[in-house]
Amino acid sequence: MTRHKTFRLVIDALLMAIVLLQNILPFLGYIPLGPFSMTLIGLTVIIAAIALGPVDGVIIGTFWGLITFIRAFTWPSSPVAPLVFTNPLISILPRLLMGLLAGFVYLWVRRHWHQEKLAMRLAAATGALVNTVLVMGLIYIFYQTPAVATAFGAKGSQTLGYVLMISILTNGVPELILDVLVAPLIAGPLRKRWDRLNHSAKS
Numbered sequence: 001m002t003r004h005k006t007f008r009l010v011i012d013a014l015l016m017a018i019v020l021l022q023n024i025l026p027f028l029g030y031i032p033l034g035p036f037s038m039t040l041i042g043l044t045v046i047i048a049a050i051a052l053g054p055v056d057g058v059i060i061g062t063f064w065g066l067i068t069f070i071r072a073f074t075w076p077s078s079p080v081a082p083l084v085f086t087n088p089l090i091s092i093l094p095r096l097l098m099g100l101l102a103g104f105v106y107l108w109v110r111r112h113w114h115q116e117k118l119a120m121r122l123a124a125a126t127g128a129l130v131n132t133v134l135v136m137g138l139i140y141i142f143y144q145t146p147a148v149a150t151a152f153g154a155k156g157s158q159t160l161g162y163v164l165m166i167s168i169l170t171n172g173v174p175e176l177i178l179d180v181l182v183a184p185l186i187a188g189p190l191r192k193r194w195d196r197l198n199h200s201a202k203s
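By the UniProt record's numbering, the letter at position 97 of the sequence shown is numbered 97, and the numbering carries on one by one without gaps.
Given below as structure tokens:
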């Protein structure tokens, strides 16, 4: 096995282990905020997408999605989880797509604009937005029920749409800012190493 393939397998395995730990250890992957949970796991998916590419972003994102799906039945991360994340369209699909699109955005911006840091930041922003918008949007489409609205903390005449918008502002925006600031710091050195190994393998 070539060095770059070994590196890829090691990084993928390491990131999967980190995702697993983030799901097990309190406050490492999820920060509870009332009925919501601010997630830090998306950062790990984005790092995979930037450092190794969209395929690896999909692998790590799907792994996170599968854990989210299983946890919804066994050990929910929030009061909302057992109501909505038992649906794989909500628990798996957004995580898969965030890794895919973050990876493609990074490669496209890097290739056409030749701005490494900008490519990483835009990729991170894309990944965060895709996950937040898809999760909240699909919940709104599939689960406009009083039980789900109540689980989200709706009171009185507040609608599910209203509390989802509050969740985007209180959770989604901080997650996006965190991902844009931190992802390049971690993914940057990994990407440089990956590029060097790929160059060596081709020469």
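All C-beta atoms, glycine included, are put in the ideal place defined by N, C-alpha and C.
Predicted, not measured: the structure shown is a model, and the values here were computed from it.
Beta-carbon separation of leucine 43 and arginine 8 under 8 Å? Within the sequence shown, the letter at position 43 stands for residue 43. Within the sequence shown, the letter at position 8 stands for residue 8. Remark: C-beta atoms of leucine 43 and arginine 8 do not approach each other more closely than 8 Å.
Sheet register partners of methionine 38 (DSSP bridge): As a working note, residue 38 is residue 38 in the sequence shown. Its beta-bridge partners are Ile31.
For the alpha helix (DSSP H) containing phenylalanine 152, list its first residue and its last residue. Numbered from 1 along the sequence shown, position 152 holds the residue referred to as residue 152. No alpha helix (DSSP H) contains phenylalanine 152, which DSSP labels as neither H nor E.
Could you tell me how far apart the beta carbons of alanine 119 and glutamate 175 are, in whole angstroms, since I believe they sit closer than 8 Å? If you number the sequence shown from 1, residue 119 lands on position 119. If you number the sequence shown from 1, residue 175 lands on position 175. Not really, about 20 Å apart at Cβ, beyond 8 Å.
Pick out the complete alpha helix (DSSP H) segments inside the region 98–166, 4 residues or longer, and give them in chain order. Counting whole runs of 4 or more residues, the region 98–166 contains the alpha helix (DSSP H) stretches 116–142, 146–151.
Are the region 145–152 and the region 85–104 in contact at 8 Å, needing three or more beta carbon pairs? In short, these stretches do not touch, since the Cβ pair count stays below three.
Note down the Cα distance separating glutamine 22 from phenylalanine 69, rounded to an integer number of angstroms. For this step, residue 22 is matched to residue 22 along the sequence shown. For this step, residue 69 is matched to residue 69 along the sequence shown. Distance between the alpha carbons of glutamine 22 and phenylalanine 69: 15 Å.
Round the Cβ separation of threonine 62 and leucine 96 to the nearest angstrom and send it over; I've been treating them as touching at under 8 Å. Here the question's residue 62 lines up with position 62 in the sequence shown. Here the question's residue 96 lines up with position 96 in the sequence shown. Between threonine 62 and leucine 96, the beta carbon gap of about 5 Å places them in contact (Cβ cut-off 8 Å).
Phenylalanine 85: first and last residue of the uninterrupted alpha helix (DSSP H) it sits in: Counting from one through the sequence shown, the residue named residue 85 turns up at place 85. For phenylalanine 85, there is no enclosing alpha helix (DSSP H), as DSSP marks it with neither H nor E.
State buried or exposed for serine 157, treating a residue as buried only when at least 16 other CB atoms are found within 10 Å of its CB. Position 157 of the sequence shown, counted from the first residue, corresponds to residue 157. By the neighbour-count criterion, in which a residue is buried when 16 or more other Cβ atoms sit within 10 angstroms of its Cβ, serine 157 is exposed.
Unbroken alpha helix (DSSP H) run spanning threonine 2, endpoints: If you number the sequence shown from 1, residue 2 lands on position 2. In the DSSP assignment, threonine 2 falls outside any alpha helix (DSSP H) and carries neither an H nor an E.
Segment contact, 8 Å Cβ cut-off, at least three pairs: the region 128–144 with the region 173–193: Proximity of the region 128–144 to the region 173–193 meets the contact definition, three or more beta-carbon pairs being nearer than 8 Å.
Can you name the start and end residues of the alpha helix (DSSP H) that proline 174 belongs to? Here residue 174 is taken as the residue at index 174 of the sequence shown, counted from 1. 173–202 is the span of the alpha helix (DSSP H), which, as asked, contains proline 174.
Straight-line gap, alanine 125 to aspartate 56 (C-alpha atoms, nearest Å): In the sequence shown, counting from the first residue as 1, residue 125 sits at position 125. In the sequence shown, counting from the first residue as 1, residue 56 sits at position 56. Cα-Cα distance, rounded: 18 Å.
Cβ neighbours of isoleucine 11 in the same chain (closer than 7 Å, five flanking residues each side left out): The count along the sequence shown starts at 1 and reaches residue 11 at position 11. Residues Ala51, Leu52, Leu190 of the same chain have their beta carbon placed closer than 7 Å to that of isoleucine 11, with the five preceding and five following residues left out of the count.
Close beta carbons around alanine 72, own chain, < 7 Å, minus the five adjacent residues each side: The residue you call residue 72 lines up with position 72 of the sequence shown. Spatial neighbours of alanine 72 in its own chain (CB-CB distance under 7 Å, excluding positions within 5 residues in sequence) are listed in chain order as Ala81, Pro82, Phe85, Thr86, Ser91.
In terms of residues, what are the limits of the alpha helix (DSSP H) holding glycine 61? Within the sequence shown, numbered from 1, the residue matching residue 61 stands at position 61. Here the alpha helix (DSSP H) through glycine 61 covers 54–74.
What's the call for isoleucine 24, buried or exposed, on a 16-neighbour Cβ count within 10 Å? In the sequence shown, the residue the question calls residue 24 occupies position 24. It is exposed - the Cβ of isoleucine 24 has fewer than 16 other Cβ atoms within 10 Å.
Is it the case that the Cβ atoms of alanine 201 and alanine 123 are separated by a distance below 8 Å? The residue given as residue 201 occupies position 201 in the sequence shown. The residue given as residue 123 occupies position 123 in the sequence shown. No, the pair does not count as a contact, with Cβ atoms beyond the cut-off.
Count the other CB atoms within 10 Å of the CB of glycine 65; is the residue buried (16 or more) or exposed (fewer)? Here residue 65 refers to the residue found at position 65 of the sequence shown. With a 10 Å radius around the Cβ and a threshold of 16 neighbouring Cβ atoms, glycine 65 comes out buried.
Distance between valine 182 and arginine 3 (C-alpha atoms, nearest Å): As a working note, residue 3 is residue 3 in the sequence shown. As a working note, residue 182 is residue 182 in the sequence shown. Taking the straight line joining both Cα atoms gives about 27 Å.
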